[in-house]
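J.:
Number of protein chains: 2
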Amino acid sequence: MATGRTHRPATRSRGIPEATVARLPLYLRALTALSERSVPTVSSEELAAAAGVNSAKLRKDFSYLGSYGTRGVGYDVEYLVYQISRELGLTQDWPVVIVGIGNLGAALANYGGFASRGFRVAALIDADPAMAGKPVAGIPVQHSDELEKIIKDNGVSIGVIATPAGAAQPVCDRLVAAGVTSILNFAPTVLTVPDGVDVRKVDLSIELQILAFHEQRKAGEETAAGDGALPAATTRNAAGDQGPDGDVPAVMPA
Amino acid sequence: MATGRTHRPATRSRGIPEATVARLPLYLRALTALSERSVPTVSSEELAAAAGVNSAKLRKDFSYLGSYGTRGVGYDVEYLVYQISRELGLTQDWPVVIVGIGNLGAALANYGGFASRGFRVAALIDADPAMAGKPVAGIPVQHSDELEKIIKDNGVSIGVIATPAGAAQPVCDRLVAAGVTSILNFAPTVLTVPDGVDVRKVDLSIELQILAFHEQRKAGEETAAGDGALPAATTRNAAGDQGPDGDVPAVMPA
DNA sequence: ATGCCTTTGTGAACGCGTGCACAAAGATGG
DNA sequence: CCATCTTTGTGCACGCGTTCACAAAGGCAT
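Going line by line, the protein sequences match chains A and B. For the first sequence, the positions run 745 to 998 when our numbering is used. For the second sequence, the positions run 745 to 998 when our numbering is used.
(1) Please name the residue in A:911, A:876, A:869, A:908 whose C-alpha comes closest to that of residue 892 of chain A.
(2) Could you tell me whether the Cβ of residue 773 of chain A comes closer than 8 Å to any Cβ of chain B?
(3) If we call anything under 8 Å between Cβ atoms a contact, is residue 773 of chain B one with residue 932 of chain A?
(4) Is there at least one Cβ from chain B nearer than 8 Å to residue 861 of chain A's Cβ?
(5) How many whole angstroms separate the CB atoms of residue 817 of chain A and residue 779 of chain A, which I take to be in contact at a CB cut-off of 8 Å?
(6) Is residue 787 of chain B close to chain A, meaning its C-beta is less than 8 Å from at least one C-beta of that chain?
(7) In terms of DSSP beta bridges, what is residue 764 of chain B paired with?
(8) What's the C-alpha gap between residue 950 of chain B and residue 858 of chain A?
(9) Once DSSP output is grouped into helix, strand and coil, what is the label at residue 845 of chain A?
(10) Per the DSSP calculation, residue 928 of chain A is bridged to which residue(s)?
(11) Between residue 835 of chain A and residue 899 of chain A, what straight-line distance do the alpha-carbon atoms span, to the nearest angstrom?
(12) For chain A, check one thing: does any of its Cβ atoms lie closer than 8 Å to the Cβ of residue 770 of chain B?
(13) Check whether the Cβ atoms of residue 895 of chain B and residue 941 of chain B lie closer than 8 Å to each other.
(14) Would you mind telling me which residues of chain B sit closer than 9 Å to residue 959 of chain A, beta carbon to beta carbon, in chain order?
(15) Using only the alpha-carbon positions, how far apart do residue 999 of chain A and residue 759 of chain A sit?
(16) Give the residues from the stretch 906-938 of chain B that approach chain A closer than 7 Å (Cβ to any Cβ), ordered along the chain.
(17) In this structure, what does DSSP give as the bridge partners for residue 883 of chain A?
(18) I'd like to confirm the pairing. Which residues does DSSP put opposite residue 864 of chain B in its beta bridges?
(19) Got a sec? Which residues, its chain only, sit under 7 Å from residue 827 of chain A by beta carbon, not counting five neighbours each side?
(20) Find the nearest neighbour of residue 953 of chain B within the set A:829, A:866, A:918, A:849, judged by alpha-carbon distance.
(21) Here's a check: name, in chain order, each residue in its chain whose Cβ is nearer than 8 Å to the Cβ of residue 850 of chain B, leaving out the five neighbours to either side.
(22) Do you know how far the Cα of residue 815 of chain A is from the Cα of residue 757 of chain A?
(23) Whose CA, out of A:890, A:769, A:799, lies closest to the CA of residue 843 of chain A?
(24) Inspect the CB distances between the stretch 762-772 of chain A and the stretch 786-804 of chain A and report whether three or more fall short of 8 Å.
(25) What does the Cβ neighbour count give for residue 937 of chain A, buried or exposed, with the cut at 16 atoms within 10 Å?
(26) Just to confirm my understanding: we take residue 956 of chain B, look at its own chain, exclude 5 residues before and 5 after, and list those with CB closer than 8 Å. What are they?
(27) When you compare the CB of residue 791 of chain B with every CB in chain A, is at least one pair closer than 8 Å?
(28) My understanding is that residue 963 of chain A touches residue 930 of chain A, with C-beta atoms under 8 Å, so please give their C-beta distance in whole angstroms.
(29) Residue 856 of chain B and residue 837 of chain B look like a contact to me (Cβ under 8 Å); what is the Cβ gap, rounded to whole Å?
(30) Is residue 796 of chain A close to chain B? Criterion is C-beta to C-beta, closer than 8 Å.
(31) Name the chain B residues whose beta carbon is nearer than 7 Å to that of residue 953 of chain A?
(32) Check the Cβ of residue 946 of chain A against every Cβ in chain B and list those closer than 8 Å, keeping chain order.
(33) Is residue 806 of chain A close to chain B? Criterion is C-beta to C-beta, closer than 8 Å.
(34) Residue 762 of chain A to residue 765 of chain B, Cα distance in whole Å?
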């Protein structure tokens, strides 16, 4: 039971570092914008600025793909778009299913960023029978019962989970059993999957909490000048705190 | 001009590594679940499993906060919930504004994960006059003209951008000018902000592209048995290089 | 009180990612 | 054809993050 592998060992497959892979979509976006403006070539410096990264890092990233630049000139935009697209696997069609058509699921279904790359929403799935047949983003929602059949009929290998936290793991299990090997998880839960299955998670609440940490630190530094104590953050027995049961630390070790 | 700071120097403020901060919300969630089940104490091993991380990493993370455990026993759940909440700044109220009430913005407004922590949606803002006054998630949408006033009146320091890509930077500039110092960006664009302002971005399309990369790699390894032409990464600028699809970039350098 | 057993907290080694700085490569102009 | 100038590709060093492994700490039973 404790064998849940959420993290993959590494991308030692035979090349491209994980950190580089994560930046390729960024470069691709910047390049696409240049392409639309019919810019023929771009230097590492310019492209790096557009993508918001260091130019040395960008050149090193590209070096993992091959030598696609021309010294003294830069990179050919169209050619690079093609190479990165191919490397990311975007030259082929990726059917995806979205499970859980609530507010977020519907937003995802309507999101243009999917279709613009090689992704195609093959189906929308929800457990609520009342949703069945109702069109969202022009696609009729199907009931969970059809999940396995949908996956197999469309050859889906990527699934998006936008269900409530409680439903995520069961849905995940069914997706994996039906043949899905990559999952994008929006539910605030740790998913346990077998080896060979990739999971990436997006958690809105976590991002905000990280921002709050830095925000608090900034505020603390300002007021720290006049007062050693942090702002009311150190509120003792903060009653209105998170607790269903107005709880206080109450239990102190020692 | 190329001075756009999207990345912060570091969190050497006086302690906690960035990687650790990013995991604290994860621990907090696991601990909250335990708390609701009235579990009094938990060992690093158990908690690590629940959060999906290595137990040594978890102990080291906690060691940055202080010595909150008891050897031979583990950690007191309630006490740890409190300490992490305090460290993350969740014991205080964080008013946030969401700008761009489209599908995604509406989904965010309805997302329960915000309110459950210290976050409170102070206002919803959209540039479309037709949206003004219309309630979303029980909160009436306000027009962009009110942005500065809303920020100042509510003391908002965290802003969420869910606008189309084109509108993101102008909105960002206005938020920052009005006093916002932390931004969560859902628009697919690189935001340029002054020093001292934190930006975190969530890009749905990028996550999918990363999954596609790994998915392609998995598929490639399978079929690689019969075909050795896969790792063409070392290909020099050879014209008409690998053409599995016979698709050539059309524009070739040289 | 004493010894055993469990679990924390952390020193140290390792590996990955980042950024610097420069030599090699190629274009361009005379 | 040669000199010069631009920009790539990368060797190298540094710092952060992860993991191992173990000594110290504390509870608990006898």
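Even glycine gets a Cβ: it sits at the ideal position worked out from N, Cα and C. Note that the structure is a prediction, hence the values are computed from the model and not measured.
T.: In short:
(1) A:869
(2) yes
(3) Going by C-beta atoms, residue 773 of chain B is nearer than 8 Å to residue 932 of chain A.
(4) yes
(5) Actually they are not in contact, since the Cβ atoms of residue 817 of chain A and residue 779 of chain A sit about 17 Å apart, beyond 8 Å.
(6) no
(7) Answer is none; residue 764 of chain B lacks a bridge partner.
(8) 9 Å
(9) coil
(10) A:904, A:944
(11) Between residue 835 of chain A and residue 899 of chain A, the alpha-carbon positions lie close to 17 Å from each other.
(12) yes
(13) Between residue 895 of chain B and residue 941 of chain B, the CB-CB gap reaches or exceeds 8 Å.
(14) By Cβ distance, chain B contributes 833, 838, 901, 902, 925, 926, 942.
(15) This structure cannot speak to residue 999 of chain A, because chain A is shown only from 745 to 998.
(16) 925, 926, 928, 932, 934
(17) A:880
(18) Residue pairing by DSSP places residue 864 of chain B opposite B:839 in a beta bridge.
(19) 809, 812
(20) A:829
(21) 880, 881
(22) Note that residue 757 of chain A has pLDDT 39, beneath the 50 cutoff, so the model's placement of it is unreliable and the number below is only indicative. Take the alpha-carbon of residue 757 of chain A and the one of residue 815 of chain A: they are about 29 Å apart.
(23) Of A:890, A:769, A:799, the residue nearest in Cα terms is A:890.
(24) yes
(25) buried
(26) none
(27) no
(28) 30 Å between Cβ atoms; not a contact.
(29) At roughly 17 Å, the Cβ-Cβ gap does not stay under 8 Å, so residue 856 of chain B and residue 837 of chain B are not in contact.
(30) yes
(31) 769, 832, 834, 861
(32) 946, 948, 951
(33) no
(34) Taking the Cα positions, residue 762 of chain A is about 21 Å away from residue 765 of chain B.
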